[in-house]
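Here is the structure we will look at.
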Amino acid sequence: MEKKPRGDRNDRTIMKHPLDNLSDREWQLYNDTIFLKGTIENLTQQLSENGTFDKYRLIHQEYLELFNTTADDKTKSEALKRLTFLNWYSILEPSCFTGVDNLDKNTIFNSFSFLNDYIKNNKLDTEFIWMLSYYSCWDWIILTFSENRLGELTKFVKSVDTSILHVPKHQLPKGSMDNRGQMGIYWTRCSVEKEEIK
Numbered sequence: 649m650e651k652k653p654r655g656d657r658n659d660r661t662i663m664k665h666p667l668d669n670l671s672d673r674e675w676q677l678y679n680d681t682i683f684l685k686g687t688i689e690n691l692t693q694q695l696s697e698n699g700t701f702d703k704y705r706l707i708h709q710e711y712l713e714l715f716n717t718t719a720d721d722k723t724k725s726e727a728l729k730r731l732t733f734l735n736w737y738s739i740l741e742p743s744c745f746t747g748v749d750n751l752d753k754n755t756i757f758n759s760f761s762f763l764n765d766y767i768k769n770n771k772l773d774t775e776f777i778w779m780l781s782y783y784s785c786w787d788w789i790i791l792t793f794s795e796n797r798l799g800e801l802t803k804f805v806k807s808v809d810t811s812i813l814h815v816p817k818h819q820l821p822k823g824s825m826d827n828r829g830q831m832g833i834y835w836t837r838c839s840v841e842k843e844e845i846k
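Per this note's numbering, the very first residue in the sequence shown carries number 649; after that it's consecutive.
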């Protein structure tokens, strides 16, 4: 049997960026979650039994692993943004609607520790600042992990003016939140992207 020459177009595997792979997996879990039917208790049981919660815990840990192993600053920043979102979202929203439940506390603390370093070293970009400012309006979620341990993060959270909406409504280019996991879905629903002109 004749072998295909190496590098043949049909034999190539298209390598996706690890962030895209994680986003795809998040999207699948999110879709599986939103189409379930039943009471809150029943939905929670279904998500536990079908492995959704376990799969999301793994994704959460893989974002931290990616942050730790990549040398690319943009990838690091995006992984940390998604970690920070999931840390916040998993506590704020009922797990039966998100598929995210009982994330590993060490992973949460370690990601907040890296976030503390980002603040200390002035590495937050504009997007990260408004996202973190928004999450800080529910200060207790972050302070549970940061207070008396992560000084820069604690100071940031406590300095946020909660009377101001920190979300840039209809200001970001269309598609800015595409392929960014549940974080992207959430911010798209919050109307941060410009409306299409019809």
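Using N, Cα and C, we set each Cβ at its ideal position, and we do this for glycine too. Every value quoted in this text rests on a predicted model; they were computed, and no experiment measured them.
Only residues of its own chain outside the window of five on either side were considered, and among them D668 and S671 have a CB closer than 7 Å to the CB of N827, listed in chain order. Comparing alpha carbon positions, the residue from K806, D773 and I777 closest to I789 is K806.
Leaving aside the five residues that flank E726 on each side, the residues in its chain whose CB is nearer than 7 Å to its CB run, in chain order, L667. Nearest to G829 by alpha-carbon distance, out of N698, L695, Y704 and I688, is Y704.
When rounded, the separation of the alpha-carbon atoms in R837 and V815 is 12 Å. Counting only the Cα atoms, I739 lies some 16 Å from L695. Annotation for M779: the continuous alpha helix (DSSP H) segment containing it runs T774 to Y783.
Per the Cβ contact rule, the region 783-801 is not in contact with the region 679-691 (fewer than 3 Cβ pairs under 8 Å). Around the Cβ of K664, a 10 Å sphere holds fewer than 16 other Cβ atoms; the residue is exposed. For the set K768, I812, L798 and M831, the Cα lying nearest the Cα of C785 is the one of I812. By the CB criterion at 9 Å, F701 and N750 fall inside the cutoff. The residue among T723, L763, N764 and I833 with its C-alpha nearest the C-alpha of Y737 is I833. S839 is the residue among N764, Y782 and S839 whose C-alpha sits nearest the C-alpha of K822.
Non-local beta-carbon contacts of H818 in its own chain, meaning distances under 8 Å to residues more than five positions away in sequence, involve S839, V840, E841, K842 and E843 in chain order.
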